[in-house]
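Okay, so here's the structure we're looking at.
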Amino acid sequence: MQDQNQQAYDRGTSIFSPDGRLYQVEYAREAIKRGTASVGVRTADGVVLAADRQVRSPLVEEQSIEKLHRIDDHIAVASAGHVADARQLVDFAREQAQVNKLRYDEPIGVESLAKEVTDYIQRYTQSGGVRPFGVALAIGGVDPDGTPKLFETDPSGTPYEWKATAIGGNREALQGFLEEEYRPDMDLDSGVSLALETIAQGEDDEAVDPQAAEVTVIDTETHGVRSLDPEEIASHLDELDGGETDE
Amino acid sequence: MSRFTDPLTGADAVGDPTAPELTDGFDGASGAGGANAGDRDEGSVNKTGTTTVGIATDDGVVVATDRRASLGGRFVSNKSVQKVEQIHPTGVLTLVGSVGGAQSFIRTLRSEADLYEVRKGESISIGALATLAGNFARGGPWFAINPILAGVDEEGSHVYSIDPAGGVMADDYTVTGSGMQLAYGTIEGEYDEAMSMADARDLAVRAVEAASERDTGSGNGVYVAEVTGDGVDIEGFDDTDAALAER
C-alpha cells in the first residue's frame, strides 16, 4: 500500500518527504475519514451545525456521545475524527474565547477563534515528538456585529471559510450534495433541513434517527447557541419526508 | 496558567489576558519600570505632575494637557512635554505619572492596537482598548501611571480614566494628574452634554490654564488633541491664551 521510499519520511511530523509532503498530516486526514460526518450550513440568519452519532450498542447513552460543543454564547463547534483529540481543541477554543473577553471585554470573533485554533493545530505539525490532531472541526457562530460565519480546521492547521461544508467520513459525497442544494438566501429553518438531509446522504438507508442526530443553531437574532431537542429534529425530519412524497 | 502549552517551546499556548504580547523590554517585576521602581532615587525620576483633561461631545472628544515635567514636584525638568499621544486611528492617551512608565505604556498600547487591527481587519474599539489598558495597568510592569484614554468609534465618543491599579472608568469628562481639583473646578458647572467641539476645546484649555496657575506640577502651556471619526489632530501652544485664541 505504501511506497517504499516514503517510509523514512512518515515517522515524524516535522519531516518533509522529498516531494514536499507531510505524511503524518495526511494520515491524520485519513483518521478523520474514519468517523461519521458532521455538517455546517451558513444561512442569512444564522449557522446550523449537525452531526450523527455512531451508536455502537443500544446500551450506550446516546447523549454521552458529543460531537457538537458549545464554545461560548455565540460560537459552537462540530467535530469529526478522534473524539479525544476534538475535546482538547474544544477546551482550547473555550479558553481562548474567555481570554478574549478578559483581555478586551468583548466576545471573540468567529474568524479570530478559528485562527487561534488552527495556529495551535499548526504547532503540532512543526514540533518533534508529537503527532498532529486527528480531527477536523466546523466552527460556526455569529460575530459581535451580527454576521454569521462558518470555518473549518484541518490537521495541517489551515483555516477555511465556508458557506456550507461537511467534515468526516463520506465528505466528498456530502459536499457534492451541499453544492447542489445550498441556496445563499435560505433561512435558518431551511438550513436545519438541508443539514439533516445532507447527514442522511451519509446513512446506508438515507434515514436519520432523531435520537442519534445532533443539531445546534446559532442565530443572528439572539447571537445564542441553541441545541435542538429530539422532538424538534424529528419534526424537521418528518417535514423532509413529507416534502419528498409531495414531489 | 493554562494547561495548553506550545509543543515546541513549552510556553503557555493560551495568552495571558493581563499581559501585553510584546513587552517593550520589560520582564515583569524585574523590569526597569517594575515592582522595584520604589527602590530608585525618587529625586531623579521625571514625573509629569500634570493636569490632563478629556471631554466627550457628540462630534468627538477633546483632550488638553499641560507641558511640564518635574523632579519630585520641586524642579521643572522640561517645559515642552507632549503629554497626549495618538495610540489608535481615532484615539489618544495622556501621559500622567512617571514619564518613563507612561511612555512605555503608550508604546505598548499602540503596538497592541496595531496588532489587533492587522489580525482582525478592523480597528479595536475604544472600550476594548480601555479594558486592555486597565488589564496592563493592573497586571503589568507599569506603576504610577494615571492616564486618560479618549477616542471615537462606531458607538460614539468615549473618555476613560485608567488608574494605577487598573481601574477603568468611563465618563462624559474626566481629569487626572496633580492639578485635577483645579481643573475639575473649572469644568464643573460649565460642562453641557450638548456642547460643541469648539466649546469643549475652550473649556478643556481653561481647565488646564486654571491648574497651571496654582499647581506646581502643571504649567508651561498646553497641548490640545481633537479626535473625531476622521482622525486625530494634536497641536502644542507655548501659552494657554494662544490655544484659546486659535479658534
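From first to last, the protein sequence lines are chains Z and S. All the letters of the first sequence, read from the start, carry residue numbers 1124 to 1370 under the numbering used here. All the letters of the second sequence, read from the start, carry residue numbers 22 to 268 under the numbering used here. Ideal Cβ placement from N, Cα and C applies to all residues, glycine included. Note that the structure is a prediction, hence the values are computed from the model and not measured.
Backbone CA spacing between residue i and residue j [nearest angstrom]
| i | j | result |
| --- | --- | --- |
| A225 of chain S | V74 of chain S | 6 Å |
| A264 of chain S | G160 of chain S | 37 Å |
| S1358 of chain Z | G1280 of chain Z | 37 Å |
| L136 of chain S | G142 of chain S | 10 Å |
| P1255 of chain Z | D1342 of chain Z | 33 Å |
| T1159 of chain Z | D254 of chain S | 58 Å |
| L1297 of chain Z | I1322 of chain Z | 7 Å |
| A56 of chain S | V35 of chain S | For A56 of chain S, the predicted structure reports a pLDDT of 42, less than 50, and the residue's modelled location is therefore unreliable. A value from the coordinates is still provided. Cα-Cα distance, rounded: 25 Å. |
| A50 of chain S | G188 of chain S | Note on A50 of chain S: pLDDT 39, under 50, position unreliable in the model; no value is reported. |
| N241 of chain S | A215 of chain S | 31 Å |
| D1208 of chain Z | L92 of chain S | 58 Å |
| T30 of chain S | I1155 of chain Z | 27 Å |
| V229 of chain S | V1222 of chain Z | 39 Å |
| I1356 of chain Z | L1363 of chain Z | 11 Å |
| D1195 of chain Z | E1320 of chain Z | 27 Å |
| M1309 of chain Z | T1345 of chain Z | 18 Å |
| V1331 of chain Z | I1244 of chain Z | 32 Å |
| S1161 of chain Z | L1172 of chain Z | 7 Å |
| R1294 of chain Z | F1274 of chain Z | 15 Å |
| Y1305 of chain Z | A1287 of chain Z | 7 Å |
| G52 of chain S | S125 of chain S | With a pLDDT of only 39 at G52 of chain S, under 50, the local geometry of the prediction cannot be trusted, and the value read off the model is given with reservation. Their backbone Cα atoms lie some 12 Å apart in a straight line. |
Reduced DSSP secondary structure (H/G/I, E/B, other) of residue i
| i | result |
| --- | --- |
| F1274 of chain Z | strand |
| M1309 of chain Z | coil |
| K68 of chain S | strand |
| N167 of chain S | coil |
| N1223 of chain Z | helix |
| R1157 of chain Z | coil |
| E1329 of chain Z | coil |
| G252 of chain S | strand |
| S1350 of chain Z | strand |
| T1281 of chain Z | coil |
| G118 of chain S | strand |
| I1138 of chain Z | coil |
| Q9 of chain S | Look at the range of chain S in this structure, 22 to 268, and you will see that residue 9 of chain S is not part of it. |
| E1355 of chain Z | helix |
| R95 of chain S | coil |
| Y205 of chain S | helix |
| A53 of chain S | In this prediction, A53 of chain S has a pLDDT of 39, which is less than 50 and means its spatial position is unreliable; what the coordinates show is noted afterwards. Looking at A53 of chain S - three-state DSSP - the assignment turns out to be coil, as it is neither helix nor strand. |
| R1217 of chain Z | helix |
| L1408 of chain Z | No statement about residue 1408 of chain Z is possible, as the shown extent of chain Z runs from 1124 to 1370 and does not include it. |
| D48 of chain S | Because the pLDDT of D48 of chain S is 46, which lies under 50, any placement of that residue in the model is unreliable, and the number read from its coordinates should be weighed accordingly. DSSP places D48 of chain S in coil when its eight states are reduced to three. |
| I147 of chain S | helix |
| G75 of chain S | strand |
| D223 of chain S | helix |
Where residue i falls, given that 16 or more other Cβ within 10 Å makes a residue buried
| i | result |
| --- | --- |
| L1212 of chain Z | buried |
| L130 of chain S | buried |
| V1183 of chain Z | exposed |
| F1139 of chain Z | exposed |
| Q1147 of chain Z | buried |
| G104 of chain S | Sequence check: residue 104 of chain S is Lys here, not Gly. That one is buried. |
| M218 of chain S | buried |
| P1230 of chain Z | buried |
| D213 of chain S | exposed |
| R95 of chain S | exposed |
| G1257 of chain Z | buried |
| P1282 of chain Z | buried |
| G1204 of chain Z | buried |
| L43 of chain S | exposed |
| D33 of chain S | exposed |
| G1269 of chain Z | exposed |
| V139 of chain S | exposed |
| K1272 of chain Z | buried |
| S101 of chain S | exposed |
Within 7 Å, strictly: CB atoms of residue i and residue j
| i | j | result |
| --- | --- | --- |
| G122 of chain S | I166 of chain S | yes |
| T1248 of chain Z | T1276 of chain Z | no |
| P38 of chain S | R1226 of chain Z | yes |
| E1174 of chain Z | E1337 of chain Z | Before going on, a small fix: residue 1174 of chain Z reads as Ala here, not Glu. In contact: A1174 of chain Z and E1337 of chain Z (Cβ atoms closer than 7 Å). |
| V173 of chain S | G81 of chain S | yes |
| G1314 of chain Z | D1266 of chain Z | no |
| V245 of chain S | A85 of chain S | yes |
| L1311 of chain Z | D1168 of chain Z | yes |
| A221 of chain S | V66 of chain S | no |
| L203 of chain S | A171 of chain S | no |
| V243 of chain S | F258 of chain S | yes |
| D223 of chain S | S199 of chain S | no |
Listed by chain order, chain A residues near residue i by CB distance under 9 Å
| i | result |
| --- | --- |
| T111 of chain S | Structure shown: chain A not included; protein chains present are Z and S. |
Residue i Cβ short of 6 Å to the ligand PLP heavy atom set
| i | result |
| --- | --- |
| K104 of chain S | No copy of the ligand PLP appears in this structure; indeed no ligand is present at all. |
Margin query: Quick check: the segment 71-87 of chain S against the segment 112-121 of chain S, are at least 3 beta-carbon pairs closer than 8 Å?
Written below: yes
Checklist line | Meets three-Cβ-pair contact criterion under 8 Å: the segment 1300-1310 of chain Z and the segment 1254-1269 of chain Z | finding: no
Note to self: Pairs of beta-carbons, one from the segment 1175-1190 of chain Z and one from the segment 1225-1243 of chain Z, closer than 8 Å: are there three or more?
What the structure shows: no
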